[in-house]
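Enquirer: Under UniProt numbering, the sequence shown has 258 at position 258, and the numbering climbs by one with no breaks. Ideal Cβ placement from N, Cα and C applies to all residues, glycine included. Just so we're clear, the structure is a prediction, and the values are computed from it rather than from any experiment.
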Amino acid sequence: DAIARWRRMSGCHVSWIPGTDHAGIGTQSVVERKLLKETNLTRHDLGRQEFVEEIWKWRSKHGDRIISQLRRLGASLDWDKLFFTMDAPRSQAVTNAFLRLYQDGLIYRDTRLVNWCCALETVISDIEVDYETVSKQTMLKLPGRNNGVEFGVLHKVAYPVADESIELKEVVVATTRIETILGDVAVAVHPEDPRYKALHGKEVIHPLLNKRVPIVCDAELVDLDFGTGVVKLTPAHDPNDYNCARRHNLPLINIFNKNGTFNENCGIAGLVNKDRFDSRQEIIDRLVTVGCYRGKDVSHEMRIGRCSRTGDVIEPLLQPQWYIRCKDLANRALQAAANGELTFEPAYHIKEWNHWLENIQDWCISRQLWWGHSIPAFQLSFPESDYDAKSTWIIAKSKDEAESLAKTYIRSNSMDINIPYILKQDEDVLDTWFSSGLLPLSALNWTGNDELPAKYPTSMIESGFDILFFWIARMTMLCTYFAGKPPFKNILLHAMVRDVQGRKMSKSLGNVIDPLDVIDGITLGEMKQVLHESSLPHSEIKRSETMLSKEYPQGIPACGTDALRFSLVNFTEH
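(1) Would S165 be called buried (16 or more neighbouring beta carbons within 10 Å of its own) or exposed?
(2) Just the C-alpha distance for L430 and S374, rounded to the nearest angstrom, thanks.
(3) Measuring only the C-alpha atoms, how far is K455 from C12?
(4) Considering only residues of the same chain and omitting the five flanking positions on each side of H574, which have a CB-CB separation below 6 Å?
(5) Check the C-beta distance from R247 over to D218 and give it rounded, since I have them as a contact under 8 Å.
(6) For I422, count the other beta carbons within 10 Å of its own beta carbon; 16 or more makes it buried, fewer makes it exposed. Which is it?
(7) Assign D562 to one of two classes, buried (16 or more other C-beta atoms within 10 Å of its C-beta) or exposed (fewer than that).
(8) Once DSSP output is grouped into helix, strand and coil, what is the label at I17?
(9) Pull up the CB-CB distance for R90 and S463, whole angstroms please, since I reckon it's below 8 Å.
(10) Leaving out five residues before and five after T392 in sequence, what residues of the same chain have Cβ atoms less than 6 Å from its Cβ?
(11) From I55 to D285, what does the alpha carbon distance come to, in whole angstroms?
(12) At the level of alpha carbons, what is the spacing between S506 and C479?
(13) Under the three-state reduction of DSSP, which class applies to M527: helix, strand or coil?
(14) Indicate the three-state DSSP secondary structure (helix, strand or coil) for F83 in the structure shown.
(15) Enumerate in chain order the residues of its own chain whose CB-to-CB distance from T133 is below 6 Å, with the five nearest sequence positions on each side excluded.
(16) Are R564 and L548 close, meaning C-beta to C-beta below 8 Å?
(17) Less than 8 Å between the CB atoms is what I'm expecting for L35 and C307, so what's the real figure, rounded?
(18) Give the range of the beta strand (DSSP E) segment to which L233 is assigned.
(19) Where DSSP assigns a beta bridge to I107, which residues make up the other side?
(20) Report the residue from T343, R503, A333, P453 whose alpha carbon sits nearest the alpha carbon of N359.
(21) Under DSSP, the beta strand (DSSP E) around A377 begins and ends at which residues?
(22) Could you check if L101 is buried or exposed, using at least 16 other CB atoms within 10 Å of its CB as the buried criterion?
(23) Considering only the alpha carbon of each residue, which of N570, N146, R276 lies closest to A495?
(24) If we ignore side chains and look at the alpha-carbon of each, how far apart do L452 and N413 end up?
(25) Can you give, in chain order, each stretch of the beta strand (DSSP E) that sits fully within the region 252 to 311 and has at least 3 residues?
(26) Measure from the alpha carbon of V161 to the alpha carbon of each residue in V230, L99, E179, V94, then state which is nearest.
(27) Does the beta-carbon of V30 have 16 or more other beta-carbons within 10 angstroms, so that it is buried, or is it exposed?
(28) Count the other CB atoms within 10 Å of the CB of N96; is the residue buried (16 or more) or exposed (fewer)?
(29) What first and last residue would you give for the beta strand (DSSP E) that runs through E345?
(30) Measuring alpha carbon to alpha carbon, tell me which residue in N40, K550, Q28, A75 is nearest W6.
(31) Who are the Cβ neighbours of S436 in its own chain at under 8 Å, not counting the five residues just before and after it?
(32) Taking contact to mean 3 or more Cβ pairs, one atom from each stretch, closer than 8 Å, check whether the region 105 to 125 and the region 315 to 322 are in contact.
(33) For N254, which residues from the same chain have a beta carbon less than 8 Å from its beta carbon, with the 5 sequence-adjacent residues on both sides left out?
(34) In its own chain, which residues sit with a C-beta less than 6 Å from the C-beta of F488, not counting the 5 before and 5 after it?
(35) Does DSSP put N115 in a helix, in a strand, or in coil?
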């Protein structure tokens with residue numbers, strides 16, 4: 001607001017456009033927790049349509065709170081241009097952008113390992129995964145569990161050698177994830193390891209499933225000097241194992257359901273539909289019974305990927321998803337920064353910009369949620385025919401357009417025009433950042449056509465440095481592709497408001513301070529009541545209450561709007 005007012009006083013024509021996004025994962029999670037807390041129902045109990053209606057009700061009550069806060073703060077925005085990422089013009093832009101990127105070969109569908117959050121039952125991107133390192137046996141608190149889950153240990157398991165004529169009778173593998181043993185399809189050794197030369201091309205017997213699995217030689221995966229020099233391969237649940245399996249044409253066996261329980265592929269009927277972590281001890285007991293458990297090391301350092309939204313441990317899963325090819329888009333964004341089309345303040349952030357974009361992976365843009373923009377993709381299948389159309393997808397703006405394109409597809413493939421078919425829209429939704437990435441265009445009412453808005457590009461973007469890649473880089477990549485030039489010239493990254501422990505304000509941490517409470521004042525009792533009205537778990541509410549009592553024993557006195565504005569500006573300068 002200070003920048004906007006300064007530019008107006010300098011004689012510039014200033015347009016500062018307000019808007020909110022739909023925050024797919026965040027909003028759905030809040031409403032799910034609220035629903036469970038108040039009615040003991042899940043979204044699956046309600047069904048998709050009714051649950052989405054509940055989200056719209058929640059949004060009508062809470063979704064524009066940030067707008068009311070900005071108004072009370074005296075922000076000089078163009079309120080008549082207020083937008084929402086799921087309103088009609090923005091939704092039209094999203095659909096048209098998807099269609100064009102698909103037609104241009106930048107959007108594709110593929111089945112590969114993804115970061116799966118079992119608590120949310122959706123894929124999340126690499127940059128939505130937080131990593132935590134433990135150096136020894138540690139019990140981590142995970143969502144939905146009363147007891148901690150053990151990490152930082154290394155289990156040792158023996159695989160009997162199948163060929164009885166070989167002197168070596170077993171090989172021992174080590175794993176931090178004993179539950180994944182049921183998905184093992186092979187063991188690997190280093191081709192130059194003299195200890196296992198006699199095992200090349202041989203097989204071992206799976207200790208629990210009583211089946212033979214091959215021994216493969218792989219110099220890329222196996223470290224001669226680490227552990228026993230033998231590695232178990234669970235390619236459907238580990239990225240490194242997945243790459244090794246592709247090199248050796250090994251099968252990929254997914255043993256987990258989307259909620260983190262075992263499926264029928266695990267091979268043990270008694271474990272089907274049991275939780276992956278709750279089953280660990282039973283798996284160890286079975287290994288002990290057959291004489292193949294060799295104990296565990298309780299001082300093993302390991303790096304654990306956790307969902308930034310829920311704190312759940314990420315489960316690598318094989319899932320079909322939609323992706324955007326990012327290499328060329330990223331190169332254009334890198335070029336814009338290098339040639340001065342983009343500038344950064346503070347300037348040192350260009351290093352982070354270059355690091356992210358130089359190492360970019362294709363962007364998974366589909367999410368297994370119910371709240372968000374529907375993917376304009378329809379799967380075409382022929383249930384009464386031998387014709388294999390499992391991979392046939394019709395990309396269209398609407399069901400009617402998809403029907404027309406499906407008939408064209410049938411005719412072009414010399415099929416009977418009256419053949420029965422099913423056309424079903426993909427149930428997934430788009431990543432929120434896809435629609436947010438179009439905002440420099442769509443906020444100016446661009447709907448995906450060739451005509452650019454008169455005020456594109458904007459002069460500057462001001463944001464928190466924590467979403468430099470999440471949002472700013474993606475806006476640059478997408479909008480530059482559609483418009484031929486970057487969406488803004490200057491990138492201003494402001495400081496972050498944090499709590500006394502140095503943590504970002506987060507609803508999930510219960511440490512958010514409403515600016516209106518600073519303006520109007522609030523008692524400690526009222527602050528605690530806000531926590532109880534939230535969807536935070538009981539344990540988190542208690543922890544947050546203790547924190548509030550320590551930090552705000554008298555509540556927050558009324559400070560007024562001007563004091564808050566000047567304080568924020570003053571601290572930003574420092």
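Expert: The structure says:
(1) For the purposes of this step, residue 165 is identified with residue 165 of the sequence shown, where counting begins at 1. It is exposed - the Cβ of S165 has fewer than 16 other Cβ atoms within 10 Å.
(2) On the sequence shown, position 430 is the one that residue 430 refers to. On the sequence shown, position 374 is the one that residue 374 refers to. Answer to the nearest angstrom: the Cα atoms are 6 Å apart.
(3) Stepping through the sequence shown from its first residue, residue 455 is reached at position 455. Stepping through the sequence shown from its first residue, residue 12 is reached at position 12. Computed Cα separation, rounded: 13 Å.
(4) Along the sequence shown, read from residue 1 onward, the residue named residue 574 stands at position 574. Below a pLDDT of 50, predicted positions are generally treated as unreliable, and H574, at 47, falls in that range; the measurement from the model is reported next regardless. Nothing meets the Cβ criterion.
(5) Here residue 247 refers to the residue found at position 247 of the sequence shown. Here residue 218 refers to the residue found at position 218 of the sequence shown. Contact flag correct, Cβ pair sits at about 7 Å.
(6) By 1-based counting over the sequence shown, the position of residue 422 is 422. With fewer than 16 Cβ atoms within 10 Å of its Cβ, I422 is classed as exposed.
(7) Along the sequence shown, read from residue 1 onward, the residue named residue 562 stands at position 562. Its Cβ having fewer than 16 others within 10 Å, D562 is exposed.
(8) Counting from 1 along the sequence shown, the entry for residue 17 is found at position 17. Coil at I17, not helix or strand.
(9) Taking the first residue of the sequence shown as 1, we reach residue 90 at position 90. Taking the first residue of the sequence shown as 1, we reach residue 463 at position 463. Their Cβ separation, rounded to whole angstroms, is 19 Å, which puts R90 and S463 out of contact at 8 Å.
(10) Sequence index remark: in the sequence shown, residue 392 carries index 392 (1-based). Here the set comprises L380.
(11) Counting from one through the sequence shown, the residue named residue 55 turns up at place 55. Counting from one through the sequence shown, the residue named residue 285 turns up at place 285. Straight-line Cα distance between these residues: approximately 45 Å.
(12) What you label residue 506 is simply residue 506 of the sequence shown in a count that begins at 1. What you label residue 479 is simply residue 479 of the sequence shown in a count that begins at 1. For S506 and C479, the distance between alpha carbons rounds to 29 Å.
(13) For the purposes of this step, residue 527 is taken as residue 527 along the sequence shown, with counting starting at 1. Here M527 sits in helix by DSSP.
(14) For the purposes of this step, residue 83 is identified with residue 83 of the sequence shown, where counting begins at 1. Strand at F83.
(15) Residue 133 sits at position 133 when you count from the first residue of the sequence shown. The answer, listed in chain order, is R303.
(16) To locate residue 564, count along the sequence shown from 1; it is residue 564. To locate residue 548, count along the sequence shown from 1; it is residue 548. Per the sequence presented here, residue 564 reads as Leu, with Arg not at that position. Cβ atoms of L564 and L548: not closer than 8 Å.
(17) Residue numbering aside, residue 35 sits at position 35 when the sequence shown is read from its first letter. Residue numbering aside, residue 307 sits at position 307 when the sequence shown is read from its first letter. With 8 Å as the limit, L35 and C307 do not qualify as a contact, their Cβ atoms being about 20 Å apart.
(18) Counting from one through the sequence shown, the residue named residue 233 turns up at place 233. Unbroken beta strand (DSSP E) run through L233: 230 to 233.
(19) Numbered from its first residue, the sequence shown carries residue 107 at position 107. In the DSSP output, where bridge partners are listed per residue, I107 has I324.
(20) Mapped onto the sequence shown, residue 359 falls at position 359. Among T343, R503, A333, P453, the Cα nearest to that of N359 belongs to A333.
(21) As a position in the sequence shown, residue 377 is number 377, starting the count at 1. Per DSSP, A377 belongs to the beta strand (DSSP E) from 377 to 381.
(22) The residue labelled residue 101 in the question sits at position 101 within the sequence shown. Buried, by the Cβ-count rule.
(23) The count along the sequence shown starts at 1 and reaches residue 495 at position 495. For the residues N570, N146, R276, the minimum Cα distance to A495 belongs to N570.
(24) To locate residue 452, count along the sequence shown from 1; it is residue 452. To locate residue 413, count along the sequence shown from 1; it is residue 413. Distance between the alpha carbons of L452 and N413 is about 38 Å.
(25) 293 to 297, 302 to 307
(26) By 1-based counting over the sequence shown, the position of residue 161 is 161. Checked all of V230, L99, E179, V94; the closest Cα to V161 is V230.
(27) Residue 30 sits at position 30 when you count from the first residue of the sequence shown. Buried, because 16 or more other Cβ atoms sit within 10 Å of the Cβ of V30.
(28) Here residue 96 is taken as the residue at index 96 of the sequence shown, counted from 1. N96 is buried by the Cβ-count criterion.
(29) In the sequence shown, residue 345 corresponds to position 345, counting from 1. Its beta strand (DSSP E) spans residues 343 to 345.
(30) Working through the sequence shown from its first residue, we reach residue 6 at position 6. Ranking the options by Cα distance to W6, first place goes to A75.
(31) Residue mapping note: residue 436 aligns to position 436 of the sequence shown, counting from 1. The residues are D21, T85, W471, R474, M475.
(32) yes
(33) To locate residue 254, count along the sequence shown from 1; it is residue 254. Within the same chain, N254 has close Cβ partners G183, A236, H237, N263, N265, L317, L318.
(34) One-based indexing of the sequence shown puts residue 488 at position 488. Taken in chain order, the residues that qualify are P457, T458, M460, I461.
(35) Locating residue 115 in the sequence shown gives position 115, counting from the first residue. The answer is strand: DSSP assigns N115 an E or B state.
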